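First comes the structure, then the notes that go with it.
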Amino acid sequence: MALVAQGAGYAYAADTRFRVDALREVDFEVVPGELVVVAGTTGSGKSTLLRLLAGLLEPTEGLVSVDGIAPTLRAARGSVALVFQNPETQFFAETVLADVAFGPRNLGSADPHAAAREALTAVGLDPDVFGPRSPFTLSGGEARRVAIAGALAMKAGYLLLDEPTAGLDARGCRDVVDAVVAERDRAGVVVVTHDPEDFLCHADRVVALSAGSVVISVPPSELTHRHAQYESSGLRLPEVVRAQILARQRGAALTGVEFDPRAAGVLLAESLGAPR
Amino acid sequence: MIEFQDVGVVYAGSDSPALTGVSLSVAPGQWVALLGANGSGKSTLARLANALILPTTGAVHVDGMDTRDESVVWDVRSRVGLVQQSPENQIVGTIAEEDVAFGPENLGIPTAELRTRVDAALSAVGLDGFQRREPHLLSEGQKQRLAIAGALAMRPAYLVLDEPTAMLDGTGRADVLAIVRSLRASGVGILHITHHLADIASADRAAVLDSGAIVFEGTPADLFADPGRVRRLGIGLPPMTTLVSVLRERGHAVPATTVEAESLVESLWPS
Ligand SMILES: Nc1ncnc2c1ncn2[C@@H]1O[C@H](COP(=O)(O)OP(=O)(O)OP(=O)(O)O)[C@@H](O)[C@H]1O
Ligand SMILES: Nc1ncnc2c1ncn2[C@@H]1O[C@H](COP(=O)(O)OP(=O)(O)OP(=O)(O)O)[C@@H](O)[C@H]1O
Ligand SMILES: [Mg+2]
Ligand SMILES: [Mg+2]
Numbered sequence: 001m002a003l004v005a006q007g008a009g010y011a012y013a014a015d016t017r018f019r020v021d022a023l024r025e026v027d028f029e030v031v032p033g034e035l036v037v038v039a040g041t042t043g044s045g046k047s048t049l050l051r052l053l054a055g056l057l058e059p060t061e062g063l064v065s066v067d068g069i070a071p072t073l074r075a076a077r078g079s080v081a082l083v084f085q086n087p088e089t090q091f092f093a094e095t096v097l098a099d100v101a102f103g104p105r106n107l108g109s110a111d112p113h114a115a116a117r118e119a120l121t122a123v124g125l126d127p128d129v130f131g132p133r134s135p136f137t138l139s140g141g142e143a144r145r146v147a148i149a150g151a152l153a154m155k156a157g158y159l160l161l162d163e164p165t166a167g168l169d170a171r172g173c174r175d176v177v178d179a180v181v182a183e184r185d186r187a188g189v190v191v192v193t194h195d196p197e198d199f200l201c202h203a204d205r206v207v208a209l210s211a212g213s214v215v216i217s218v219p220p221s222e223l224t225h226r227h228a229q230y231e232s233s234g235l236r237l238p239e240v241v242r243a244q245i246l247a248r249q250r251g252a253a254l255t256g257v258e259f260d261p262r263a264a265g266v267l268l269a270e271s272l273g274a275p276r
Numbered sequence: 001m002i003e004f005q006d007v008g009v010v011y012a013g014s015d016s017p018a019l020t021g022v023s024l025s026v027a028p029g030q031w032v033a034l035l036g037a038n039g040s041g042k043s044t045l046a047r048l049a050n051a052l053i054l055p056t057t058g059a060v061h062v063d064g065m066d067t068r069d070e071s072v073v074w075d076v077r078s079r080v081g082l083v084q085q086s087p088e089n090q091i092v093g094t095i096a097e098e099d100v101a102f103g104p105e106n107l108g109i110p111t112a113e114l115r116t117r118v119d120a121a122l123s124a125v126g127l128d129g130f131q132r133r134e135p136h137l138l139s140e141g142q143k144q145r146l147a148i149a150g151a152l153a154m155r156p157a158y159l160v161l162d163e164p165t166a167m168l169d170g171t172g173r174a175d176v177l178a179i180v181r182s183l184r185a186s187g188v189g190i191l192h193i194t195h196h197l198a199d200i201a202s203a204d205r206a207a208v209l210d211s212g213a214i215v216f217e218g219t220p221a222d223l224f225a226d227p228g229r230v231r232r233l234g235i236g237l238p239p240m241t242t243l244v245s246v247l248r249e250r251g252h253a254v255p256a257t258t259v260e261a262e263s264l265v266e267s268l269w270p271s
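For the record, the sequence lines run as chains F and L. End of the first sequence sits at 276 in the numbering used here; the numbers just go up one at a time, nothing left out. End of the second sequence sits at 271 in the numbering used here; the numbers just go up one at a time, nothing left out.
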């Protein structure tokens with residue numbers, strides 16, 4: 001069982017002079033029980049990779065498969081859920097509840113409304129307040145949460161999220177991170193983000209894309225050793241991690257690296273000793 | 001000056017108001033940050049500033065013009081540039097340079113100057129070379145940059161930015177903050193909506209909305225100095241602020257507003 005891309009490439013408008021090679025020879029894999037963070041600068045191909053993995057686009061070279069079959073096939077229907085970067089483009093139903101219930105209903109759920117209510121609650125939206133509303137007049141953060149609820153409600157084997165915390169407030173971020181991390185118990189999860197801070201401490205692996213190619217694929221704890229390479233692809237490690245790297249360069253004796261800001265503060269304080 | 005005076009907004013078909021009794025102003029050359037939870041009314045306030053929507057109660061004035069006065073709507077819109085939260089909503093051109101030219105063209109800017117403005121705006125947001133790209137074929141971050149370029153090319157007296165860095169990577173974010181600083185220096189008034197406290201460390205003022213009402217107004221330094229209050233206001237603390245507060249609790253001399261690794265390390269391990 002795995003969602004896999006092998007030597008996958010994608011070119012938009014391939015046969016025209018506007019051809020854009022968005023992805024080149026990408027090898028990527030996520031298995032159930034795993035959470036992979038995909039980072040990369042603007043235009044590096046992150047959303048294109050998700051579209052390939054979800055079967056919305058067919059690779060122009062190489063192949064993509066979900067548990068052994070192409071995600072574009074009918075038999076693969078419902079095995080991959082994708083939350084778009086621009087959630088508004090994903091809505092179609094008259095009410096939020098109907099929109100979120102659509103996936104589970106379509107996949108033969110016994111009680112799609114219950115699934116929808118549960119998913120809305122998980123992303124911090126009261127189903128009684130938001131359920132009856134139109135999905136088209138929501139605020140930006142409300143819309144993103146509804147789109148995420150729609151994907152959670154599908155209980156797909158693979159959950160792909162494009163910038164799931166962009167535009168969310170502090171509580172929304174926590175709710176969504178918790179809900180997504182909990183999905184790992186039953187699904188393979190891929191989180192695309194240009195700002196990996198929220199998910200880094202939960203990730204099993206971090207994949208960095210640069211100009212359409214995978215340049216790094218390591219567990220988060222190894223990022224500090226690879227930070228030069230990571231930053232040379234235009235990415236920036238979280239400030240709390242950079243602080244530890246810079247402190248070490250100035251002679252601070254640090255063992256290991258902390259992703260949690262509080263723990264990082266304690267680590268730095270210990271290496272400083274008593275204040276001068 | 002943009003002045004929101006005791007503004008209330010109730011959307012059609014909605015029973016609870018999106019804004020109630022909001023008063024706030026943005027002066028030329030002033031960078032005002034607006035924070036608040038999802039659904040607290042930030043984008044509603046942004047849309048009021050350039051008469052995209054009108055207040056249900058109270059009034060909004062732009063350099064003395066009442067936005068409800070239909071005869072001044074175009075004048076208001078040429079003075080107040082708005083970069084909406086969803087860039088999709090404001091893309092009009094079939095190629096990037098047309099999109100950016102659309103606003104200034106409507107202002108009657110002569111062709112030669114138009115060219116300069118469009119290229120300068122695209123370059124400022126890091127979209128050099130994207131002149132002839134179709135906007136719907138851009139990545140989301142590229143679209144967000146394009147929307148900002150469109151507003152810059154208008155050379156407005158005021159700029160309202162609704163989460164302008166939500167889709168941008170670290171470099172894009174730094175570019176946008178540099179643009180905001182230089183606009184402020186040239187006298188543009190800025191209303192900057194964001195969820196990231198780290199983005200507004202050098203803003204002049206900060207206001208926080210909660211359920212449609214302003215619950216805090218002060219300086220960013222006031223916010224940074226009181227992490228407990230920030231949390232109670234429902235705003236995320238920058239992770240660096242949490243790290244810095246651990247060091248400060250233990251007596252290390254680090255300014256509370258430190259959000260960059262470089263300045264932290266410079267304070268503690270001076271070179
Ligand atoms: N056209 C509309 N009709 C009805 N209600 C609306 C409409 N637009 C927004 N609202 C509601 O008004 C409230 C304020 O929305 P607004 O978009 O101003 O919030 P916001 O602070 O920008 O939130 P976010 O951080 O999520 O972007 C929200 O509860 C939203 O659901
Ligand atoms: N429909 C399309 N047609 C042509 N080119 C496209 C299309 N969509 C994206 N591109 C281009 O392909 C490249 C990769 O785009 P993609 O959307 O995958 O980037 P991304 O990493 O998701 O960026 P962002 O962080 O800005 O969302 C970019 O150069 C983009 O301009
Ligand atoms: Mg993208
Ligand atoms: Mg908003």
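Heads up, the beta-carbon is just placed ideally off N, CA and C, and yes, glycines get one too. Since the structure is predicted, the reported quantities are computational estimates derived from the model, not experimental observations.
Which residue from the options puts its Cα closest to that of residue i?
i	options	result
Ala120(L)	Gly108(L), Glu105(L), Val100(L) and Arg133(L)	Val100(L)
Thr60(F)	Leu237(F), Val30(F), Ala22(F) and Asp111(F)	Ala22(F)
Ser211(L)	Glu70(L), Thr20(L) and Thr165(L)	Thr20(L)
Met1(F)	Gly172(F), Val191(F), Pro32(F) and Arg171(F)	Pro32(F)
Pro55(L)	Arg155(L), Glu3(L) and Arg205(L)	Glu3(L)
Glu262(L)	Gln244(F), Val257(F) and Thr255(F)	Gln244(F)
Ala264(F)	Phe130(L), Thr242(L) and Leu233(L)	Thr242(L)
Leu82(F)	Ala153(F), Arg19(F), Arg262(F) and Ser44(F)	Ala153(F)
Just list the residues that DSSP pairs residue i with in beta bridges.
i	result
Gln244(F)	Partner(s): none; Gln244(F) has no beta bridge.
Thr48(F)	DSSP, once it has assigned bridges, lists no residue as partnering Thr48(F).
Glu61(F)	Gly9(F)
Ala213(L)	Asp210(L)
Met65(L)	Val62(L)
Val246(L)	Looking at the DSSP assignment, Val246(L) forms no beta bridge with any residue, so it has no partner.
Ala136(F)	The identity of residue 136(F) in the sequence shown is Phe, whereas the question assumes Ala. The partner list for Phe136(F) (beta bridge, DSSP) is empty, contrary to what the question assumes.
Ser213(F)	Ser210(F)
Asp260(F)	Looking at the DSSP assignment, Asp260(F) forms no beta bridge with any residue, so it has no partner.
Arg205(F)	Val36(F)
Leu159(L)	Gly81(L) and Ile190(L)
Taking 8 Å as the CB-CB cut-off, is residue i touching chain F?
i	result
Arg117(L)	no
Thr242(L)	yes
Asp226(L)	no
Pro38(L)	It should be pointed out that residue 38(L) corresponds to Asn in this sequence rather than to Pro. Yes - at least one Cβ of chain F is within 8 Å of the one on Asn38(L).
Gln131(L)	no
Leu264(L)	yes
Pro239(L)	yes
Tyr11(L)	yes
Arg47(L)	no
His136(L)	no
Gln5(L)	no
Ile235(L)	yes
Ala166(L)	yes
Could you tell me whether the Cβ of residue i comes closer than 8 Å to any Cβ of chain L?
i	result
Thr41(F)	yes
Val123(F)	no
Arg250(F)	yes
Tyr10(F)	no
His194(F)	yes
Arg289(F)	Here chain F comprises residues numbered 1 to 276, so residue 289(F) is not present and cannot be evaluated.
Ala141(F)	The sequence given here has Gly at residue 141(F), not Ala. By this cut-off, Gly141(F) is an interface position.
Thr137(F)	yes
Ser47(F)	yes
Gly234(F)	yes
Gly131(F)	no
Validate contact between the region 78-97 of chain F and the region 122-135 of chain F using beta carbons, cut 8 Å, 3 pairs: Touching, yes.
Within 7 Å of chain F by C-beta, residues of the region 64-88 of chain L in sequence order: Under the 7 Å Cβ criterion, the region 64-88 of chain L contributes Gln85, Ser86 and Glu88.
Cβ contact check for the region 64-75 of chain F and the region 99-112 of chain F: 3 or more pairs under 8 Å: Flag = no, the region 64-75 of chain F and the region 99-112 of chain F do not touch.
Residues of the region 58-87 of chain F whose Cβ lies closer than 7 Å to any Cβ of chain L, in chain order: Within the region 58-87 of chain F, the residues whose Cβ lies closer than 7 Å to any Cβ of chain L are, in chain order, Gln85 and Asn86.
Near-chain F residues of the region 19-45 of chain L (beta-carbon distance less than 7 Å), N- to C-terminal order: Within the region 19-45 of chain L, the residues whose Cβ lies closer than 7 Å to some Cβ of chain F are Ala37, Asn38, Gly39 and Ser43, listed in chain order.
Near-chain L residues of the region 170-190 of chain F - C-beta to any C-beta below 8 Å: Under the 8 Å Cβ criterion, the region 170-190 of chain F contributes Ala170, Arg171, Gly172 and Cys173.
Where the region 182-212 of chain L meets chain F: residues whose CB sits under 7 Å from a CB there: Under the 7 Å Cβ criterion, the region 182-212 of chain L contributes His195.
Inter-stretch contact at 8 Å, needing at least 3 Cβ pairs: the region 125-141 of chain L / the region 157-165 of chain L: Judged by Cβ distances under 8 Å, the region 125-141 of chain L makes no contact with the region 157-165 of chain L, as fewer than three pairs qualify.
Near-chain L residues of the region 254-276 of chain F (beta-carbon distance less than 7 Å), N- to C-terminal order: Taking a C-beta cut-off of 7 Å against chain L, the contacting residues of the region 254-276 of chain F are Pro261, Arg262, Ala264, Gly265, Val266, Leu268, Ala269, Leu272 and Pro275, listed in chain order.
Validate contact between the region 58-73 of chain L and the region 160-169 of chain F using beta carbons, cut 8 Å, 3 pairs: They do not touch, by the three-pair rule.
The region 179-196 of chain F / the region 5-19 of chain F touching (three or more Cβ pairs under 8 Å): Judged by pairs of C-beta atoms under 8 Å, the region 179-196 of chain F does not touch the region 5-19 of chain F, as fewer than three such pairs exist.
Sufficient close CB pairs (3 or more, under 8 Å) joining the region 39-58 of chain L to the region 216-223 of chain L: By the Cβ rule, the region 39-58 of chain L does not count as touching the region 216-223 of chain L, because fewer than three pairs are nearer than 8 Å.
Segment contact, 8 Å Cβ cut-off, at least three pairs: the region 120-129 of chain F with the region 143-151 of chain F: Cβ pair count under 8 Å is three or more, so yes.
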